[in-house]
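Enquirer: Before I ask anything, let me first share the structure, which is written out below as structure tokens.
Residue numbers (our numbering): 32 to 303.
Pasting the structure below:
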């Protein structure tokens, strides 16, 4: 059991706190991505959530990474948080026009939704009434991922809607959401031919300790052991598993990935 079924990376590559801890001392911002791509073969772009990048920026991303590198990206918040899928087609078209410049380096695209109170949606049925038609209009030549923050919506009803369309559910480790073992008790959350994992953590708790992401502050060993156990089964059901670590998960995202690799390799050497 090796790491071939995985694409492992971090959420963004631009942290200045990584200079000296991940990037060599003296590294400039323009150096970060090429150096990052020497260690990781994928990255989740966070900045696209806040604004659609310029075409020249996307072309630079492509040029500064080696063949086979894959970019996952968040869809703009204007789609998922502001318009909440209503009259959002132009925003999506503008986003895809630019992101498609990555060519074969473009990977999964994430629709990350916030927590919705009952004034927004009275339940998952009402959310699906809006989500399903939107997903049906998306181009089929992309990999799509949906992330929700309403834990009581995690059900076979949601999973079936995504599965019918080949859309992956983001499997998240987040303060509001169930542990992975609990998640798999809600039904079958594997809804596509790829899996998409996000190790997010508790932003509020860790930002009380630091906002400089240069070292590990939270020991995530046991959490990641649980993920190793779960993913041992998941990888048998999908073609590829993407997993991305956020700085807020343990304090230093590159270390989170290295820890997961070590735990995965340990299990491979000593299977239960």
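C-beta atoms are modelled at their ideal positions from N, C-alpha and C, and glycine is treated no differently.
1) Of all the alpha helix (DSSP H) runs that stay within the bounds of the region 80–146, which reach a length of 4 or more residues?
2) Could you give the C-beta distance for residue 294 and residue 259, rounded to a whole number, given that I count them as a contact under 8 Å?
3) Give the straight-line distance between the Cα atoms of residue 273 and residue 149, rounded to the nearest whole angstrom.
4) Measuring alpha carbon to alpha carbon, tell me which residue in 114, 110, 122 and 64 is nearest residue 101.
5) Please go through the same chain and pick out, in chain order, the residues whose beta-carbon is closer than 7 Å to the beta-carbon of residue 231, but skip the five residues on each side of it.
6) What's the C-alpha gap between residue 226 and residue 201?
7) If you draw a straight line from the alpha carbon of residue 114 to that of residue 300, how long is it in whole angstroms?
8) Any contact between the region 87–104 and the region 119–138? By contact I mean 3 or more CB pairs, one from each, below 8 Å.
9) Quick check on the burial criterion: 16 or more other C-beta atoms within 10 angstroms. Buried or exposed for residue 118?
10) Along the chain, where does the beta strand (DSSP E) containing residue 40 start, and where does it finish?
11) How is the beta strand (DSSP E) around residue 280 delimited, first residue to last?
12) Which term fits residue 303, buried or exposed, when burial requires 16 or more other beta carbons within 10 angstroms of its beta carbon?
13) Between which two residues does the beta strand (DSSP E) holding residue 227 run?
14) Would you check if there are 3 or more beta carbon pairs closer than 8 Å linking the region 39–46 to the region 65–76?
15) According to DSSP, which residues form a beta bridge with residue 272?
16) By Cβ distance below 6 Å, which residues in the same chain neighbour residue 32 in space, the five residues on each side in sequence not counted?
17) With distances taken between CB atoms, is the gap from residue 105 to residue 76 smaller than 8 Å?
18) Between which two residues does the alpha helix (DSSP H) containing residue 286 stretch?
19) What number of angstroms, rounded off, separates the C-alpha of residue 125 from the C-alpha of residue 80?
20) Just to confirm my understanding: we take residue 116, look at its own chain, exclude 5 residues before and 5 after, and list those with CB closer than 6 Å. What are they?
21) In whole angstroms, what is the alpha-carbon distance linking residue 88 and residue 131?
22) Using alpha carbons as the reference points, say which of 212, 283 and 215 lies closest to residue 242.
Expert: In short:
1) 86–94 and 120–130
2) 5 Å
3) 32 Å
4) 64
5) 203, 204, 205, 277, 279 and 280
6) Cα to Cα, residue 226 sits roughly 7 Å from residue 201.
7) Their backbone Cα atoms lie some 49 Å apart in a straight line.
8) yes
9) exposed
10) Start and end: 37–41.
11) Not the beta strand (DSSP E): residue 280 falls in the alpha helix (DSSP H), residues 278–281.
12) exposed
13) 225–232
14) As far as the Cβ criterion goes, the region 39–46 touches the region 65–76, which means the pair count is three or higher.
15) 37 and 226
16) Unreliable placement is indicated for residue 32, whose pLDDT of 41 sits below 50; no coordinate value is reported for it.
17) yes
18) 284–300
19) In a straight line, the C-alpha of residue 125 is about 13 Å away from that of residue 80.
20) Within the same chain, residue 116 has close Cβ partners 161 and 165.
21) Computed Cα separation, rounded: 12 Å.
22) Cα-wise, what sits closest to residue 242 is 283.
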